[in-house]
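Have a look at the structure below, then the notes.
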Amino acid sequence: MNLKLLEKANEIIQTFEYASFGVIDEKGYPSASAVILCNPMNVAELYFITTLDSNKGRRLQKNNKASMNCYTSEYNITLVGETEILTDQETKNKYWQEWIELGVDVYADGVSDANYCVIKFTTKRVSLWIDDEGAAFTLD
5 MNLKLLEKAN
15 EIIQTFEYAS
25 FGVIDEKGYP
35 SASAVILCNP
45 MNVAELYFIT
55 TLDSNKGRRL
65 QKNNKASMNC
75 YTSEYNITLV
85 GETEILTDQE
95 TKNKYWQEWI
105 ELGVDVYADG
115 VSDANYCVIK
125 FTTKRVSLWI
135 DDEGAAFTLD
């Protein structure tokens with residue numbers, strides 16, 4: 005493991021709002037979409053919100069393996085791992101943000117909407133390109 009690049013990746017990930025998120029669809033094909041990250045702190049564990057009945061939600065209920073990618077012209081952070089769907093009210097309250105209510109009819113009952121959930125992504129494998137240096141390793 006390249007600790008220098010991992011530390012740099014942890015700093016960089018905190019600047020990202022969006023990530024590409026890939027899951028396996030019902031026919032076994034990869035399917036990517038954009039997600040809004042909720043206060044990313046490090047590459048080991050990331051969170052975002054969705055609904056249980058969305059494509060992501062339904063697919064993650066069947067197969068919790070996923071991938072995330074954050075990149076700019078200078079950096080590439082690719083993560084492979086597993087997800088957990090969190091529906092407890094304490095977690096939902098923690099990750100609820102005011103922008104969710106603005107123009108979004110998906111969460112009719114707001115933070116207590118039964119369809120609203122938080123996805124916890126736990127990284128198992130990391131691939132980095134930072135400062136013209138690459139590294140790939142697993143996280144245990």
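The opening residue of the sequence shown carries number 5 in this note's numbering; numbering runs sequentially from there.
Just so you know, even glycine gets a beta-carbon here, dropped at the ideal spot from N, CA and C.
In this structure, Asn68 and Val47 do not form a Cβ contact; the two beta carbons are roughly 18 Å apart against a cut-off of 8 Å. One Cα belongs to Met5, the other to Gln101, and the distance between them is close to 35 Å.
Secondary structure of Tyr79 (DSSP, three-state): coil. A Cβ-Cβ separation of about 4 Å places Asn73 in contact with Ser24 under the 8 Å criterion.
The beta-bridge partner set that DSSP reports for Ile40 consists of Tyr22.
Burial is judged here by how many other beta carbons sit within 10 angstroms of a residue's own beta carbon; Ala70 has at least 16 and is buried. Within the same chain, and ignoring the five residues on either side of Asn97 in sequence, the residues whose Cβ sits closer than 8 Å to its Cβ are Val115. When secondary structure is reduced to three states using DSSP, Thr95 falls in the helix class. Just so you know, the alpha carbons of Thr142 and Ser131 end up roughly 9 Å apart.
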